[in-house]
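Chains as they are written, first to last, in the working numbering: chain A, 26 to 285; chain B, 699 to 895; chain C, 699 to 895. Notes follow once the structure below has been shown.
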Amino acid sequence: MDDLFTPPAVPRPETLTVSFESWEGPLDLLLALARTQKVDLREISILALVEQYLAYIEGARKLKLELAADYLVMAAWLAYLKSALLLPREAQPEPSPEELALRLQLRLQRLQAMREAGARLMARDRIGRDVFQREKPEGLRLVRKAKWAASLFDLIQSYGQIRARTQPVVHMVAVRPVMTLDEAIQRVGTLVGAAIDWTALEAFLPTGQDGPMARSALASSFVAALELARQGRLEIQQEGIFEPIFLRAAVPEPTAGRLL
Amino acid sequence: MIEEQDDFLRAVEAVLFVSEQPLTLAELKLHVGEAGDLLAALTTLSDHYAGRGINLVERGGRWHFQTAADLAHILRREKDETRKLSRAAMETLAIIAYHEPVSRAEIEAIRGVQVAKGTLDVLMEAGWVRPAGRREVPGRPLIYATTHEFLSHFGLSSRRDLPGIDDLRAAGLLDPVDLALEGLGAQSVVENDEEDA
Amino acid sequence: MIEEQDDFLRAVEAVLFVSEQPLTLAELKLHVGEAGDLLAALTTLSDHYAGRGINLVERGGRWHFQTAADLAHILRREKDETRKLSRAAMETLAIIAYHEPVSRAEIEAIRGVQVAKGTLDVLMEAGWVRPAGRREVPGRPLIYATTHEFLSHFGLSSRRDLPGIDDLRAAGLLDPVDLALEGLGAQSVVENDEEDA
C-alpha cells in the first residue's frame, strides 16, 4: 500500500560502512603492522611495512570500506616513499627516502614507547583499585578566628553619619519672585480697559523684569487674560499656534457675548 | 622497626582502616574470612596501637580506629583572620560608645534602623562590647557598654576622649554623606511639586 | 607490643590519619608545629608501617596512609571498579607524564592523530592533568602537565618513578623525532663516507 506519509525507503547500499575505528589513525595501523614483522622496531623493514599497509588499504577498498582521508594520505605518501626507496640512488630528491623511512621508524618507536608506558602506568597499584584510603576521614578542621579591624576614625565617622542622618531635617522653601494670579488679573484688567486696539500680551507685563519673575508674570498674565475673557471683560486673538497673543477690551455686544 | 605481621592481622588492620563506620565481628569476617582468630587479632592490634597517635577501640561490639583523645587540639587549628567591621556593626559600636549604657531598643531609636542580633554578637566577640546589666524599666531590657579592650583598641584613655558633637561638626563629620544628600534632594522635589499643585 | 612513642610522632600520625587529602610538610607543620624533626618523624612512621596492613607513603611531596597493595582482593568492592580509560586517554596521559610539559600539537605529533576534545577533558576531570601555562612560541599554545593527584593515584613518589623513564630517556625515545634524526644523521654520514671509501 502506498501511503503518502510513509517516508521514502532508506537506500540500503551494499557498502559496508565501516570506518577504521579499530585503528586510531594510520600511524596506529602502521604500528600494528610493524609489530607483526618483528618485536624490535629498530629492525623492521620499512619497505615490507609499506607493502603491508598498501595491501591492507587495497583490501579495505575492495571491501568498499570507507577509508578516512588520512589513511589515504598516508597510503599515497607511503607509495611515494616506496618508489623513492626503489629508485636509483643518484636520482634522489631531498630529503632522502632513507631519511623519510627513518623518520617513520622513529615515530613508530616513540608511539610504541608511549603505548607501553601507558600500559605500565595502568598496571601500577592504583588508589581505589589496588590500594585504598580511608573512606570517610574526619578531616582536619581549620577554625577561623576573626580579628576585627576598625580604627578610631571609622568609629567617630560612623557616629557622625548617624547623627547627620537622624537629625530632624528642616526644609526651607526659598521665597521665589512670583506675580500672583490676583495681581495679574488686577493689572491686566486695569490696563486692557484703555486698549481699544489689539495689543500684544507682552505689553501688559511689568517692565524691567527678567528671569523667573518675567516668566511668572507672563504665565500669570496669560491666565489672567483667560479669566478676564471668561468674564467677558476682554477678547483674545491668536493667528495660530505659537503666534503672538493679542488682547483688547471687550466690545460691548451683549448678544455676541451671550452666544459665546 | 619493621616487624613481620601475619596476613590475617594485616587484613583486619586494613579493613578497619578503610571502613566508613565501626565494624562488628560479623562484618569484619565478611571481609577477612575465617582464616584466623579474629578476636585475638583485634586484641593484638589494639595493644599495638595503644599509646600511638591512632588507637583501635571497641565500642558496643564495634571496632574502629580513632585518633588518641589527647591529640584533639592538634586536629583543629585556629587561624586569625582580619576582617573589617560591617557598617552596621561600626555604627552600633559608635552608638554604644557615645551613649552607654544603652539597650538595643535605644540603639535602634538612634540609628533609625533595626539592629540585627548578629551585630551585637560580633561586637561582643571582638571583645569591645559587654552586657552591662538590665535597665529597670518594663521588660527589663539588657543594656550594653564598652569594655577596656575597646578603649585600648581605639587608643582612648577614657570615653571622654571621644570627640564631642561640636568637634564632629567642626570636622565636617556631621555633614550628610553624599548618599543622604541625594535622598534629601529627591524628597524636596516632591515637596515642591506638592506646593505648586 | 606496647611501645612508647613521642608526642610529636603521635601527632603526625594522628593528623595524617584524619586528613582528607595527602599532606605536604608545610601543611603538616601547620598542625603539628615545629616541636620535632618532621621528616625524621615521617621516615620513622613510614618504616613502622612498612609491611603492615596500612602503609604510610609519600607521593609528590605529600604524605598519606593507604592500605597495602597485596590486600586489594579483600578490600575491593564491586562499586570500586575504576572507570577504564580509553586507549587514547591512556596514551595521552603517558605522553603528558613522560614529556611534560607538552602542548596538544606535540601530543598529536607523537600519536599521529588529533587529540579528541574529550580526551584531555577526561584526564583533567580525573584530576591527573592540568594546564601548565603556555609555550612561548608563535600561537602561544597551552601546555599540559600532570598533577600531584596523578602521582598519588599511580603510586609514584615523583615523576622519576615513572616506569622505565630512565631507559626511555637513555634510548632517546623521549626526544622529538627531529632531534633524534640529527643525532643519527651525523652517524649515517660517517657510514656513507666509509661506504664511499
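Glycine is no exception: its CB is placed at the ideal position from the N, C-alpha and C atoms.
Item: Sequence ranges, alpha helix (DSSP H) only - wholly within the region 82-115 of chain A, length at least 4; Value: 94-111
Item: Chain-ordered neighbours of residue 788(B) on chain A, where CB pairs are closer than 8 Å; Value: 175, 179, 180, 183
Item: Rounded straight-line distance, which links the Cα of residue 759(C) to that of residue 165(A); Value: 19 Å
Item: Contact with chain B by residue 212(A), beta-carbon distance below 8 Å; Value: no
Item: Identity of the residues DSSP links to residue 263(A) by a beta bridge; Value: 270(A)
Item: Which of helix, strand or coil DSSP assigns to residue 762(C); Value: strand
Item: Near-chain C residues of the region 703-731 of chain B (beta-carbon distance less than 9 Å), N- to C-terminal order; Value: 703, 705, 707, 708, 709, 710, 711, 712, 713, 714, 715, 716, 729, 730, 731
Item: Closer than 8 Å to chain B by CB, residue 740(C); Value: no
Item: Where residue 69(A) falls: helix, strand or coil (DSSP); Value: coil
Item: Residue 227(A) - containing alpha helix (DSSP H), residue span; Value: Residue 227(A) -> no alpha helix (DSSP H), and no H or E assigned at all.
Item: Neighbour-count burial assignment, residue 856(B), 16 or more Cβ in a 10 Å radius; Value: exposed
Item: Residue 723(B) classed as buried or exposed, judged by whether at least 16 other C-beta atoms fall within 10 angstroms; Value: exposed
Item: Segment contact, 8 Å Cβ cut-off, at least three pairs: the region 57-74 of chain A with the region 151-159 of chain A; Value: no
Item: Proximity below 8 Å, CB of residue 751(B) to CB of residue 711(C); Value: yes
Item: Contact list for the region 807-830 of chain B against chain C, Cβ threshold 9 Å; Value: none
Item: Any chain B beta carbon closer than 8 Å to residue 750(C); Value: yes
Item: Proximity test, residue 147(A) beta-carbon vs the ligand ADP heavy atom, cut-off 7 Å; Value: The ligand ADP is not among the ligands present in this structure, which contains no ligands whatsoever.
Item: Residue-level contact to chain B via CB, residue 86(A), 8 Å cutoff; Value: no
Item: Test: residue 733(C) CB closer than 8 Å to a CB of chain B; Value: no
Item: Segment contact flag, the region 136-149 of chain A with the region 734-754 of chain C, C-beta cutoff 8 Å, min 3 pairs; Value: no
Item: Beta-carbon proximity of residue 124(A) to residue 879(C), cut-off 8 Å; Value: yes
Item: Outcome for residue 729(C) when other beta-carbon atoms lying within 10 angstroms are tallied against a minimum of 16; Value: buried
Item: Whole beta strand (DSSP E) elements within the region 159-197 of chain A, 3-residue minimum; Value: 166-174
Item: At least three beta-carbon pairs within less than 8 Å, the region 790-802 of chain C to the region 825-839 of chain C; Value: yes
Item: Residue 691(C) versus 755(C), 756(C), 749(C), 863(C), residue with shortest Cα-Cα distance; Value: This structure cannot speak to residue 691(C), because chain C is shown only from 699 to 895.
Item: Residue-chain proximity (residue 769(B), chain C), Cβ-Cβ < 8 Å; Value: yes
Item: Closest residue to residue 715(C) among 846(B), 848(B), 858(B), 765(B) (Cα-Cα distance); Value: 765(B)
Item: Any C-beta of chain B under 8 Å from that of residue 170(A); Value: yes
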